[in-house]
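**Q** For the sequence shown, the positions run 1252 to 1397 when our numbering is used.
Even glycine gets a Cβ: it sits at the ideal position worked out from N, Cα and C.
As the structure is a computational prediction, the values presented were derived from the model and not from experiment.
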Amino acid sequence: MVLALLACSAQAQAPTSPAYDAQLAKSLGGNEHGMRKYVFVVLRTGPNKVPAGQERTEMFAGHMANIQRLANERKLAYAGPLDGVDDARGIFIFAVENIDEAKALVATDPVIIKGEMVAEYHTHFGSAGLMMVNQVHSQIMKPAAK
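1) In angstroms with no decimal places, state the Cα-to-Cα distance between M1392 and V1293.
2) Return helix, strand or coil for T1374, following the three-state DSSP convention.
3) So, is Y1271 buried or exposed, given that buried needs 16 or more other C-beta atoms within 10 angstroms?
4) Counting beta carbon pairs with one atom in the region 1370-1382 and one in the region 1304-1312, are three or more of them shorter than 8 Å?
5) From the DSSP output, in three-state form, read off F1313 for me.
6) With the cut-off set at 7 Å, would you say F1343 and A1330 are in Cβ contact?
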């Protein structure tokens, strides 16, 4: 009797895994294992430091606008700054099939156009769940004060 109760208790406490959602996996570009291709880009300090002033301010405003545009187009899964160690200043993770596609997207960024940064490209295979970061972030980011 005690063993039967322990067995029932263990079953009741066993964690349940969420049900596989084939439609969600497909909508995120995932395969049967929930994985997909990405291109991981490291942005490093480039040869042309744009001096402080209006041009630099406009360049970085354009950089941020470009990031937002690419995220809205679901091409950019993730972007963020790095600590500057070894001239590494930021990353992009693109939801594209190959490096050439990522290069074409990176070429639209003002920090690349001006030579403030250069890009280093790597293929990556990771969770398709990364595609949900932008949606989740928009739900946890406090709106800007007006």
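**A** Judging by the given coordinates:
1) Translated into positions along the sequence shown, residue 1392 becomes position 141. Translated into positions along the sequence shown, residue 1293 becomes position 42. In a straight line, the C-alpha of M1392 is about 24 Å away from that of V1293.
2) In the sequence shown, the residue the question calls residue 1374 occupies position 123. In the structure shown, T1374 sits in a strand (DSSP, three-state: E or B).
3) Translated into positions along the sequence shown, residue 1271 becomes position 20. Exposed, since its Cβ has fewer than 16 Cβ neighbours within 10 Å.
4) No, the region 1304-1312 does not touch the region 1370-1382.
5) To locate residue 1313, count along the sequence shown from 1; it is residue 62. A small correction: the amino acid at residue 1313 is Gly; Phe does not occupy that position in the sequence shown. Helix at G1313.
6) Translated into the one-based positions of the sequence shown, residue 1343 becomes position 92. Translated into the one-based positions of the sequence shown, residue 1330 becomes position 79. Here F1343 is near A1330, since their CB atoms are less than 7 Å apart.
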